[in-house]
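Following: one structure in structure tokens, then a few remarks.
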Amino acid sequence: MPFRRPAIGSVTLAIVTSAFLLLTTNAAFWRKGMAYFAGHETQLVALGFAIFLLSVAILTAISVKYLIKPAFILLVLISAVASYFTDTFGITIDRDMIRNAVVTTSNEARQLLTPDLALHLLLFGLIPSAAIGFVRVVHRPFGQKFWRNCAVIMPSLIAVVAILAWNYATFSSTFRERGDLMASLNPAAPIVGAVKYAGSLIEERDVVVQPYGVDARQGGRFAASRPALTVIVVGETARAQNYSLNGYARETNPAMKAQEALNFRQVSSCGTATAVSLPCMFSGYRRTDYSNAKGLSRENLLDVLTHAGLRVDWFDNNTGSKGVADRVAHEALQARPDPVNCREGDCWDQVVVERLKSYLSSAPVGNAVVVLHLEGSHGPAYYQRIPPAFARFQPACATAQFGDCSQAEIVAAYDNTILYTDHILSEIVDLLKAKGPALSTAMVYMSDHGESLGENGLYLHAAPYFIAPDTQTHVPFLAWLSDGYLKANDLDSACLRGEADRPLSHDNLFHTVLGMTDVKTAAYDAELDAFQACRHDPGAVAAAPAGEVRS
Numbered sequence: 001m002p003f004r005r006p007a008i009g010s011v012t013l014a015i016v017t018s019a020f021l022l023l024t025t026n027a028a029f030w031r032k033g034m035a036y037f038a039g040h041e042t043q044l045v046a047l048g049f050a051i052f053l054l055s056v057a058i059l060t061a062i063s064v065k066y067l068i069k070p071a072f073i074l075l076v077l078i079s080a081v082a083s084y085f086t087d088t089f090g091i092t093i094d095r096d097m098i099r100n101a102v103v104t105t106s107n108e109a110r111q112l113l114t115p116d117l118a119l120h121l122l123l124f125g126l127i128p129s130a131a132i133g134f135v136r137v138v139h140r141p142f143g144q145k146f147w148r149n150c151a152v153i154m155p156s157l158i159a160v161v162a163i164l165a166w167n168y169a170t171f172s173s174t175f176r177e178r179g180d181l182m183a184s185l186n187p188a189a190p191i192v193g194a195v196k197y198a199g200s201l202i203e204e205r206d207v208v209v210q211p212y213g214v215d216a217r218q219g220g221r222f223a224a225s226r227p228a229l230t231v232i233v234v235g236e237t238a239r240a241q242n243y244s245l246n247g248y249a250r251e252t253n254p255a256m257k258a259q260e261a262l263n264f265r266q267v268s269s270c271g272t273a274t275a276v277s278l279p280c281m282f283s284g285y286r287r288t289d290y291s292n293a294k295g296l297s298r299e300n301l302l303d304v305l306t307h308a309g310l311r312v313d314w315f316d317n318n319t320g321s322k323g324v325a326d327r328v329a330h331e332a333l334q335a336r337p338d339p340v341n342c343r344e345g346d347c348w349d350q351v352v353v354e355r356l357k358s359y360l361s362s363a364p365v366g367n368a369v370v371v372l373h374l375e376g377s378h379g380p381a382y383y384q385r386i387p388p389a390f391a392r393f394q395p396a397c398a399t400a401q402f403g404d405c406s407q408a409e410i411v412a413a414y415d416n417t418i419l420y421t422d423h424i425l426s427e428i429v430d431l432l433k434a435k436g437p438a439l440s441t442a443m444v445y446m447s448d449h450g451e452s453l454g455e456n457g458l459y460l461h462a463a464p465y466f467i468a469p470d471t472q473t474h475v476p477f478l479a480w481l482s483d484g485y486l487k488a489n490d491l492d493s494a495c496l497r498g499e500a501d502r503p504l505s506h507d508n509l510f511h512t513v514l515g516m517t518d519v520k521t522a523a524y525d526a527e528l529d530a531f532q533a534c535r536h537d538p539g540a541v542a543a544a545p546a547g548e549v550r551s
């Protein structure tokens, strides 16, 4: 007797698939729902049933022959992948997370490929997909199918409307105040995020970069006999809460404490992911005005410095400048051969120090700016960011599979990366000190965003800004200025130390660097210069010429 595959009706398959997706790939949604509807579980059940009916209606609408299997399998696979990351790390998959995924390097992606991920995909993605592919879907003749589908879709939609209307006030306020609830719903959230990302690509496709700060010129603070070198260090995933300079219990900043670095404790980031924060902090836009399209369509800080005649170089030990350094000299250090500090295309941040050494050995005459982009504390493989000698805090997590580690071990591994970055920054300062007789030197360090380390079940970063915890947006900002640099800038170091608790943000980087480098331009806003209040002559930096408007 010939074997016959089990048969299932298209509507039945839509119902089964909807139930499977809602019940097995939405643990984060149900966990948040239980918290937000505590004491009102009936409303949560009603909301879940409404989502189920809406899913049934949508899947029934696309349950046509030749489309049903690939469409349903795609939805299952999307949900399986998304649910692993939402359940394991507590992240939200929105447009910016999709953007991050697209620009992720192969090295970063490889660190996320763990046995836990493979098992999750097998159980919730591959096996269900194989089942969908294996069964024989029964389709009625077109006319019958159309009316049968309508008989499912229309009542389902009416029921959804009725359920939402039944307690509209509660549901609407929850959706408004707890936006992360629906943002964790699979596969809806990643699909909406992908659509929004595609829309942003269309919007950005024909962007033409507009000139900015073309009036920039150098002032006369730095004598030709002793030009200025300003080093901007962009950190990765460093959060201010784990800085001993900010009161953290572990001594994570001994080197920069010994260097007597300026430390600004209350600094917020523009975004919660590199793809957002990095271009934003160099853009000259305030966070509230910034968008990726705006950042792409106008020149940035590095262009303004170039217009003023400064030499600008970008040395990168990360995933690139995200367009910031497109029009200046830039170098990917991970592509350089360095058997001591690099393994399989992944390098410790010592490569940045070595590149700065070689730069300083042949630095040109004239004022210059160097940007160093660190790998810093990028997770989840924190243990790979440091040489073994810096694994000081133990026991520390030595895997990217967080399920195998306690939260304390994850925090210890992260703290080791902060300790290593502290060492790197101190080495940079030592290099600048050594150039003291020939150059006026300064270094500013600011991280792109912070990191969650298990607080409230959340790990890593890239949470939507409106729900992001402080651990992802509160970032360190350190500075070191040589005596010659301070004097040329007419800055009072005691005053700067007194500004330690002044609220600052990525908004300030653009204007602070222009002030430090004595670049005069209408693009400069003294109110956003973090150092301006500590100049003996606050009017020393030129304001915008009369009649010009700053943007």
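Going by UniProt numbering, the letters in the sequence shown line up with residues 1 to 551, in that order.
All C-beta atoms in this analysis are idealised placements derived from N, C-alpha and C, irrespective of residue type, glycine included.
Contact check for A261 and L439: beta-carbon distance about 19 Å, past the 8 Å limit, so the pair fails to qualify. If you draw a straight line from the Cα of P388 to the Cα of R110, it comes to about 21 Å.
Assigned with DSSP and collapsed to three states, K520 falls in strand. Residue environment for E527: exposed (fewer than 16 other C-beta atoms within 10 angstroms of its C-beta). One Cα belongs to A462, the other to Q407, and the distance between them is close to 19 Å. When DSSP states are grouped into helix, strand and coil, D313 belongs to the strand group.
Approximately 25 Å separates the beta-carbon atoms of T86 and N242; this is outside 8 Å, ruling out the contact. In the pairwise beta carbon analysis, the segment 79-95 is classified as touching the segment 117-124: at least three pairs are separated by under 8 Å. F20 carries a helical assignment under DSSP once its states are collapsed to helix, strand and coil. Contact between the segment 261-280 and the segment 467-475 is present: 3 or more CB-CB pairs across the two stretches fall below 8 Å. Following the DSSP letters along the chain, one finds T174 inside the alpha helix (DSSP H) bounded by residues Y168 to E177. Contact between L59 and S18 holds: CB atoms are separated by about 6 Å, below the 8 Å threshold. Residue nearest to D415 within the set L431, D483, A398 and V234 is A398 (criterion: CA-CA distance).
Residues of the same chain with a CB within less than 8 Å of the CB of F282, apart from the 5 flanking positions on each side, are N300, L301, L302, V324, L509 and F510 in chain order. Counting along the chain, L478 sits inside the beta strand (DSSP E) bounded by residues F477 to L481. V64 and S10 have their C-alpha atoms spaced approximately 8 Å apart. In terms of Cβ geometry, G33 and I73 do not form a close pair [threshold 9 Å]. Counting along the chain, R136 sits inside the beta strand (DSSP E) bounded by residues R136 to V138. V328 and R239 have their alpha carbons spaced roughly 29 Å apart. Contact between the segment 336-343 and the segment 411-430 is not established, with fewer than three Cβ pairs separated by less than 8 Å. Annotated three-state conformation of G235 is strand, per DSSP. The continuous beta strand (DSSP E) containing N263 extends over residues L262 to F264. Membership of T441 in the beta strand (DSSP E) is indicated by the continuous run S440 to S447. For L296, the secondary structure class from DSSP, reduced to helix, strand or coil, is helix. In the DSSP assignment, G9 forms a beta bridge with V138. M446 is classed as buried because its beta carbon has at least 16 other beta carbons within 10 Å across all chains shown.
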